[in-house]
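Visitor: Mind having a look at this structure? Questions to follow.
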Amino acid sequence: MSKYLTCADTAKIVRQTLRESFPGEKFSVRSHTYAGDASIRVTWTDGPCARDVEGVTKRLEGARFDGMDDLKTFKHHEVDGERVLFGANFIFTDREISDEMIDTCAREIVKMDGEAVAEIINGSTYRWSDFDNDPGLFWARNKRTPAQESETLASIRPA
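Going by our numbering, the first residue of the sequence shown is number 39, and it counts up by one from there.
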């Protein structure tokens, strides 16, 4: 017989585990229950990369989805010798990147290769950033006009 934890109980465990894994980082952990399912959303700003946080949260999910067979299966866990089913089937993560972090990273990249980065940043209303160590690209909305962006790049471009 398995012990079933509610989604809210699972969210408490997620909070505690994140606190232990990333001391000093602030995470928002929200549980959601809806018809026939439940999930948790974890959000934070800057801080650890998404891959590191997901390495912690994925272990606490109560289900997995097989897209090939269109099948959701439940995962049982053993906690202190007891079989447990976590109440949140899926845990989603969402890392926000602050403008300050983007500016700091842009300055560091400009130090490495100023011209290439300046073209990327000035080329559109989006900035490219893979500072999250994710396999894909993370696009952060650039809230500046091209003129303001040129001024910023001129001030951080190496002499």
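Just so you know, even glycine gets a beta-carbon here, dropped at the ideal spot from N, CA and C.
Taking all protein chains shown into account, do 16 or more other C-beta atoms lie within 10 angstroms of the C-beta of residue 71, making it buried, or fewer, making it exposed?
Guide: Label assigned to residue 71: exposed.
Visitor: Does the Cβ of residue 76 have 16 or more other Cβ atoms within 10 Å, making it buried, or fewer, making it exposed?
Guide: Residue 76 should be labelled buried.
Visitor: Would you mind sorting residue 98 into buried or exposed? The rule is 16 or more other CB atoms within 10 Å of its CB.
Guide: Flag for residue 98 reads buried.
Visitor: List the endpoints of the continuous alpha helix (DSSP H) containing residue 259.
Guide: The first residue shown for the chain is 39 and the last is 197, placing residue 259 beyond what the model contains.
Visitor: Which residue comes first and which comes last in the alpha helix (DSSP H) that contains residue 108?
Guide: Residue 108 -> no alpha helix (DSSP H), and no H or E assigned at all.
Visitor: Which same chain residues, not among the five before or five after residue 53, have their C-beta less than 8 Å away from its C-beta?
Guide: Result list for residue 53: 65 and 67, in chain order.
Visitor: Between the alpha carbons of residue 135 and residue 39, how many angstroms are there, rounded?
Guide: Rounded to whole angstroms, residue 135 to residue 39 spans 43 Å at the Cα level.
Visitor: Is DSSP giving residue 169 helix, strand or coil here?
Guide: Interpretation of residue 169 is limited by its pLDDT of 42, a score under 50 that renders its predicted location unreliable; no figure is taken from the coordinates.
Visitor: Count the other C-beta atoms from every protein chain shown that fall within 10 angstroms of the C-beta of residue 74, then say buried if there are 16 or more, exposed otherwise.
Guide: Its Cβ having fewer than 16 others within 10 Å, residue 74 is exposed.
Visitor: Pair every Cβ in the stretch 85 to 92 with every Cβ in the stretch 103 to 110, then say whether three or more of these pairs are closer than 8 Å.
Guide: Result no; under three Cβ-Cβ pairs closer than 8 Å.
Visitor: Apart from the five residues on each side of it in sequence, which residues of its chain come closer than 6 Å, Cβ to Cβ, to residue 59?
Guide: Hits under 6 Å: 94.
Visitor: Taking residue 118 as part of the alpha helix (DSSP H), name the residues at either end of that continuous run.
Guide: Careful: residue 118 lies outside any alpha helix (DSSP H) and carries neither H nor E.
Visitor: Closer than 6 Å by C-beta to residue 81: which residues in its own chain qualify, once you throw out the five before and the five after it? Chain order, please.
Guide: Closer than 6 Å at the Cβ level, and outside the excluded window around residue 81, lie 66 and 132.
Visitor: Thinking residue 119 and residue 100 are a contact (beta carbons under 8 Å), I'd like their distance in whole angstroms, please.
Guide: Between residue 100 and residue 119 the Cβ distance is about 19 Å, and since that is not below 8 Å, they are no contact.
Visitor: So the candidates are 43, 44 and 85; which of them puts its Cα closest to the Cα of residue 57?
Guide: Ranking the options by Cα distance to residue 57, first place goes to 85.
Visitor: According to DSSP, is residue 84 helix, strand or coil?
Guide: In this structure, residue 84 counts as coil in the three-state DSSP scheme.
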